[in-house]
Structure formats: structure tokens, C-alpha cells
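Enquirer: In the order they appear, the protein sequences are chains A and B. Counting from 1, one number per residue, gives the positions in the first sequence under our numbering. Counting from 1, one number per residue, gives the positions in the second sequence under our numbering.
Protein chains: 2
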Amino acid sequence: MSVTIHDVAKAAKVSPSTVSRAYTMPELLRPDTRERVLTAARKLGYQPNKAARGLITGRTGNIGLIVPDLSNPFFPAVLKGAQARAREADYAVFLADSEEDQALEEELIRAMAKQVDGVVLCSSRASDATLSAIAKDTPLVLLNRRIGAIPAVLLDNTGGARQAVEHLAALGHRRVAYPNGPPSSWSNRTRRRGLKARAAALGLEIVELGTFAPTFEGGLAAADQCVAADVTAVVAYNDLVALGVQSRLRDRSIKVPGDISVVGFDDIPMAQMGSPPLTTVAMPCERAGRLAIDVLARRISAQPPRNNGGNAHEPLVTTLIVRASTAPPRRR
Amino acid sequence: MSVTIHDVAKAAKVSPSTVSRAYTMPELLRPDTRERVLTAARKLGYQPNKAARGLITGRTGNIGLIVPDLSNPFFPAVLKGAQARAREADYAVFLADSEEDQALEEELIRAMAKQVDGVVLCSSRASDATLSAIAKDTPLVLLNRRIGAIPAVLLDNTGGARQAVEHLAALGHRRVAYPNGPPSSWSNRTRRRGLKARAAALGLEIVELGTFAPTFEGGLAAADQCVAADVTAVVAYNDLVALGVQSRLRDRSIKVPGDISVVGFDDIPMAQMGSPPLTTVAMPCERAGRLAIDVLARRISAQPPRNNGGNAHEPLVTTLIVRASTAPPRRR
DNA sequence: ACAGTTCTTGCAACCGATTGCAGGGTGGGT
DNA sequence: ACCCACCCTGCAATCGGTTGCAAGAACTGT
């Protein structure tokens, strides 16, 4: 079938061990033998079988990545960065979509753990206990979630929320709605906390609204509650929700930003394409994805999970992008 | 480290072979032995090592999926379907983004081929020759591309294009622009062909415009050429381009659909969120992704690539979704 | 020319599974 | 009580690599 190390060995008239060494410890071979082996390998189109190698080295050369929902453009963006960086580091990436389902996610993690050197979990919905347990025997990196000493790549949600509140305060808003995202989401918790902290300091009132699906449809539902709450601005859990809110408000002939200002989180591509274009807190998604791979790769090669610090990184900076969906509130 | 078949064997007081058989040929074992083995396995949390198994069976249980650009929502949608179906069929999926780069894509295919049982190529930009060569020794399924007898899942671009033209014709448009997508794209070729065929039949004129990147930015660039071409409607290569066109037209204070109607392809989520919401040809992306996996799985288990027909499937039906971005042309 | 190093390379065991083959146990028929 | 199937189960080889160990080659210095 495929060309194996034995074929190359025969062609180069050496033993399989020598062929192996030509790849893994080239400096041990006499230059001319190494050359002979590599030439033969190239001629035959040989490529080492990663699975077989992994069997003995314990390294598969694969990493897993789990996201809650591929339909949220935030995750493809992260994925794009992660996948690119993984390729540079010569890792292949396994992808799974957990469909926002905690049980499924935990099952996926366990299934993956066997086949990969490490796993990146994006906005994981799994329980702290489960993740801590898994982290004990599988290198894990969390993206947008924080649990004990598990390495994590974080985005500065709090800072973003702060900027959003300051922006709205400067425009003169006093009463702002926040429709919650999934309760198990770290992003939701930190965004809410950031909002409330800064709002309290500036004398704004944040009206929390029930939890909504982090989707366009969730935003449609949230919109009506925002209107009922009699606010002049909405900071949505994320851009999808914000777009849903905008859409529903338009259908109800409520002007954005005339009657209600809307702010989102993420700055997904469609945020700028809407009308009005959405004011939102931009997240460096691809960079976060890349960084997650870097952290994981480092964690994998450093056998002893060094218990000194360096696990929790500074959150990646986020920036408020002001577009046309925010304006001063209408005078009563 | 991890619990192996030997550990289970010891715990159940049987040989490793028996443990193996408990999983792969359970009917060969006496019910009580099988039960004893499975119980022991469960207690120890044993899960067979896929890599080791693959070494001997020749099946890895993995499939590869390559897309040209994760930032185009069309592909995450396909991916979502494919990934879900793969999981049901107990396959893990390797993902790679070829960044619209032909050379990179070909390299990725080769690299993957070694580690998977088969590969799904979405809107592949690779050359016919390369793909035919690879298809000889790796099960391949093409999505939105057609080459000889390589199994493919196709979306009915021609039919979609036909509907778009008929819609515009009914509205009274006589001169319609088509900004081309990537020349290596099968979708671009079939969409263009469909448009021109139907336009000829209905006495419309299709003005082809140079090739543009299949992105929002590509659309920005295309818009100006469309205006210069003095058309009353634009059928864009895909929704991203259509949204780019809309955005640029708005910036130039050209009304959509008042001055120019815009039609897209794909019906990505943001098509309905824009303003005006975009008239577009909807593609059953997730279904296509799922189907691709089905076809691949069948192709993998049917060792002899049966040379009877059944390779090329009927294209999946597409439907024109009429929204607010199309209207009768302004009277001169 | 010879003993002692240092380099290179091959041998063989091993990673974690699967599977053909054969041997031991069981049960049925007489 | 004996023979013969048949059913289970274990042994050992194998998949494609890697790696500790040791033997042979080459080189050093005298």
C-alpha cells in the first residue's frame, strides 16, 4: 500500500533504524548515509506514519479543538487562527462542535483526549469539576474561561464592558439593558460583572434580563424585553444577539440609534455590514486562537506541568469600535 | 499512563486477545466472559487506542476536511453538518483551511491523506490532474466540484442562477452584472454558465466583470465596476460579495434596490440581517456537509471503488429567497 | 603494528492493538 | 465409556515506527 520505513531501508541499503534516525536524530548519522537515506525516501515519496510513531513516542502530533457552535462567526475566527498556527507547529487539528451542550462537550473531550496531545476548549460549557479532572491527565488550554491553574487564553471582557459603559455614559444614557447569555459562559459572567462595576461607578443602572441563546434568534427575543424594560440602550451578550435586537427593533419601527442604542461584543464581520453598522467591543479572535495553540504546545513539551506561575496570561486587549448604532438618547 | 488492553485483560483474568474480541467480534465470546471483560473495562475507564488499532486494520477512523476559507460563513455551515454526521458515524474530523491557496491546499491534502481514511474537499481550488492522482489512492469526496468519476456532492448552482435571472427578468431588468469569483472555482463556472444560459433565453444581457476575491472586500471593489457598467442589477458570486457591493453602493449613496438590485448566492445568516435584507439563492450547506460524509463513508467501506455509476449525485436543490434587495428598475 | 577511543550502524524489544491458527474444554451421539 | 464436533480462548505474529544496547568500523596516539 503505502511506502514504509522498510521500503526506504531496503532502497538505501540500511536498516530501518537508520532510516528512523535520519529523521529523528540526523546528527548521529554519517552525512553521506543520511543523504543516501533521505534521497531514497524522497524518491519513494516516503512520509513517516504519525500513528505508528505516536504509539512509541506517546506523542500523536494532533491537537483537539472544541467549540460550542460553529454558526457563531466568533468561533470560526478563533479556529482559523488556531488551525494556521497548529500547521506551522506541525500539528494537525481535530475539530468538534459541542452544540452548546454540556454533556456532549464533556463526552467529546474525553473521546478526543485519547487521540491527541492536548485540547483547546473554546468558551467551554463543561463543569469546573469535570475540567479539573480531565486537566489532570490531558494538557488542556481554555479559551475564554478560567479555572484554577489550568492554562487559559483570556480576552479582556471586563475592559471591553468598561469601555462600552463609558461610551454610553458619555452619550448621556442612564438606564441600560443587558440580556444575559448562557449562564455557564465565563464571557457572560465577566461581561456582566464588568458592566455592573463600571455602571455603579458612573451612576448608571444596568437592567439584567433573563438568559437568552447567544444567537440571532436569542436577540429577537431579547429585543422585546429590552423595550419593555424602558431603557435607552442595550449592551448585548454578543454581536449575534445585538444584531437580533436591532432586527427586531427595526421590525417594530423602533429606531436604532434614535430610540435605542445597541452595543455588541466580538466585532464579527457582519457587525460592520449591518445597518446601522454596530458599535461593538472587538476581540482579537484569530490572535487568541493562535496564542492558545502556542500555550498548548509549550504545555505539551514541558513534561512537568511546571507549577510555577505563567499559567494565567494577561487578558488580550479588547477595543470598543464605535459605529452608528449608538447615539445620545432621545430627550423626553 | 493510559489504561491499555493488557490492564483490562489482567483485571478480567483473560488474554488481551479476548478483550479485543469483546469489542470487535462480541458474538464469538461466551456471554459471561464478554460481560466480565466489559465490566472490567468500564471500571478501569478503558477506551481502545485508535492509532494502534488503525495500524493493523488500516483504518484510522479519521476523516479530513479541507475548506478554502473559514471566514466565509458558507464553510463553517458545511463543516457543522459534516462534523455532526461524522460523529454519528464514529469518525473524528481533521480540519484544515487552505487560505484559498492552491499550492497550500495540495500540500494539505497530501499531508492529511496519510492520516485519514478519506478526505472531503470543499470547493477545492486544486488542479484536476492533482486531484485525479490523489483520488487513485485516497478516498476523496468533492463538495461543489466535479472531476471525472470522483464522487461529489453538488449544489444546484445552475438552477439557482436560473431562478435568479428569471426573478430579475420578471422585475423588468435587462442588463445585469456578474462579478466573477475565483476562476478555479467550480461554483463560479456553473453559476456564470447558468446565468448566461438563462439570460440568453430571456433576452437579458449579462455583463461579466473581472474576477474578485470571494469576500466582502471583493464586493467593495466589484460595486464600482458594476456602477460603471451601467446595469440595473447585480448577481454577485456569493453573499459576501453581494454584501460588499451593497455596502459600497450605500457609501456612494446609490440606493438598493431603488437604483440597483442585488442578488447573492448561499444565504449565509447575515444575508437576512443586512439592510435591505438580501435576495439570494439558498444552499443547503449543512445537508451538503452531512451528505459528503455519508458518501465518503460508503466509499471507504466499499473497498473496490465500484466502477458502476452512482458516483455523481443529483445536485442538491437550491431555492431563491426573495428579500428586499431586489425591485423593478427605475424608469429612465 | 597495536591497544584504546569514538563513531556508526544493526539487532531486537517494544508501543497497543488485531487476527490466523491451534489446543483445551464441553457436549452430543452411540 | 468413547469419539468427534464445535465452541472458546490463548499464543504468537504483525502493523510501522523508535530506541537501548552492543558489535564492528574508523580513528587516535605511541
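C-beta: ideal position from N, C-alpha, C; glycine also.
DSSP three-state call for A/V322: helix, strand or coil?
Expert: A/V322: coil per DSSP, three-state reduction.
Enquirer: Can you say whether A/S253 is buried or exposed, counting buried as having 16 or more other CB atoms within 10 angstroms of its CB?
Expert: Exposed, by the Cβ-count rule.
Enquirer: Have a look at the DSSP bridge pairing and note the partners of A/E208.
Expert: A/E208 pairs with A/Y178.
Enquirer: With a CB to CB cut of under 6 Å and the five nearest residues on each side skipped, what residues in its chain are close to B/R306?
Expert: Bear in mind that the predicted position of B/R306 carries a pLDDT of just 49, short of 50, making it unreliable; the figure below should be weighed with that in mind. Contacts found: none.
Enquirer: Going by CA-CA distance only, name the one from B/C122, B/M112, B/I150, B/P328 that's closest to B/A129.
Expert: Per the Cα distances, B/I150.
Enquirer: Which residues in chain A sit within 8 Å of B/K114, going by Cβ to Cβ distance?
Expert: Residues of chain A passing the Cβ test: S2, Q47, N49, K50.
Enquirer: Compute the distance between the beta-carbons of B/F216 and A/M273, then report whether it is under 8 Å.
Expert: Yes. Within cutoff.
Enquirer: Once you ignore the five residues that flank A/A12 on each side, which residues in its own chain have a CB closer than 6 Å to its CB?
Expert: These residues qualify, in order along the chain: R36, V37, A40.
Enquirer: Is A/V295 helix, strand or coil when you go by DSSP?
Expert: Three-state result, A/V295: helix.
Enquirer: Beta-carbon within less than 6 Å of B/A333's beta-carbon, same chain only, minus the 5 sequence neighbours each way: which residues are those?
Expert: Residue 333 of chain B cannot be examined here, being either before or after the span of chain B that is shown, 1 to 332.
Enquirer: Among B/A199, B/I63, B/K50, B/I147, which residue has its Cα nearest to the Cα of B/A297?
Expert: Cα-wise, what sits closest to B/A297 is B/I63.
Enquirer: Assuming B/P179 contacts B/A222 under a Cβ cut-off of 8 Å, what Cβ separation, rounded to an integer in Å, is found between them?
Expert: Right, the Cβ-Cβ distance comes to about 4 Å (below 8 Å), so this counts as a contact.
Enquirer: What's the call for B/G289, buried or exposed, on a 16-neighbour Cβ count within 10 Å?
Expert: The residue in question, B/G289, is buried, as its Cβ has 16 or more Cβ neighbours within 10 Å.
Enquirer: By DSSP, does A/T60 sit in helix, in strand, or in coil?
Expert: Residue state, collapsed to three classes: coil.
Enquirer: What are the boundary residues of the alpha helix (DSSP H) that A/S187 is part of?
Expert: Its alpha helix (DSSP H) spans residues 186–202.
Enquirer: Just list the residues that DSSP pairs A/L142 with in beta bridges.
Expert: For A/L142, which the question treats as bridged, DSSP gives the partners A/L121, A/A152.
Enquirer: Sorted by chain position, which residues of the same chain lie with C-beta nearer than 7 Å to B/S20's C-beta, five sequence neighbours on each side aside?
Expert: Cβ within range, chain order: I5.
Enquirer: Which residues in chain A have a C-beta closer than 9 Å to the C-beta of B/G274? List them in chain order.
Expert: Neighbours of B/G274 on chain A, chain order: M270, M273, G274, S275.
Enquirer: Please list, in chain order, the residues of the segment 283–297 of chain A that have any C-beta partner in chain B closer than 8 Å.
Expert: Within the segment 283–297 of chain A, no residue qualifies.
Enquirer: Are A/V235 and A/F212 touching if we call contact CB-CB under 8 Å?
Expert: Contact: no.
Enquirer: Going by the DSSP bridge assignment, what does A/A233 pair with across the sheet?
Expert: Answer by DSSP bridge pairing, in chain order: A/V176, A/S261.
Enquirer: Residues of chain A with CB under 8 Å from B/F216, in chain order?
Expert: By Cβ distance, chain A contributes P269, M273.
Enquirer: Can you pull the chain B neighbours of A/G54, defined as C-beta to C-beta under 8 Å?
Expert: Within 8 Å Cβ-Cβ: A51.
Enquirer: Could you tell me which chain A residues have their CB closer than 7 Å to the CB of B/T24, listed as they occur along the chain?
Expert: Here the premise fails: no neighbours, minimum Cβ distance about 17 Å.
Enquirer: Could you check what DSSP says for A/L29 in three-state terms: helix, strand or coil?
Expert: It is coil, neither helix nor strand.
Enquirer: So which residues of chain A does B/A77 contact, with C-beta pairs closer than 8 Å?
Expert: Per Cβ cutoff of 8 Å: L70, S71.
Enquirer: Please list the partners that B/F94 has in chain A, where partner means a Cβ-to-Cβ separation under 9 Å.
Expert: Simply N62, A92, V93, F94, L95.
Enquirer: Below 6 Å CB to CB, which residues in the same chain sit around B/A229 once its five sequence neighbours on both sides are set aside?
Expert: If we look at B/A229 and ignore the five residues flanking it on each side, its Cβ neighbours are A177, V207.
Enquirer: If you draw a straight line from the C-alpha of B/N157 to the C-alpha of B/V120, how long is it?
Expert: Rounded to the nearest angstrom, the two C-alpha atoms are 19 Å apart.
Enquirer: What's the gap between the Cα of B/T326 and the Cα of A/G61?
Expert: Going by the C-alpha atoms only, they are around 51 Å apart.
Enquirer: Please classify B/M25: is it buried, with 16 or more other beta-carbons within 10 angstroms of its beta-carbon, or exposed?
Expert: When all chains shown are included, B/M25 counts as exposed.
Enquirer: Hey, quick one: how far does the alpha helix (DSSP H) through A/L95 stretch, first residue to last?
Expert: Taken as a continuous stretch (DSSP letters only), A/L95 belongs to no alpha helix (DSSP H), being part of the beta strand (DSSP E) at 92–97.
Enquirer: CA-CA distance, B/R287 and B/V262?
Expert: Those two C-alpha atoms are separated by around 26 Å.
Enquirer: From the DSSP output, which residues share a beta bridge with B/L316?
Expert: For B/L316, which the question treats as bridged, DSSP gives the partners B/L155.
Enquirer: With distances taken Cα to Cα, identify the nearest neighbour of B/V93 among B/E99, B/S71, B/D117.
Expert: It is B/D117 whose Cα lies nearest to the Cα of B/V93.
Enquirer: Indicate whether at least one CB of chain A lies closer than 8 Å to the CB of B/K80.
Expert: Yes, because at least one Cβ of chain A sits closer than 8 Å to the Cβ of B/K80.
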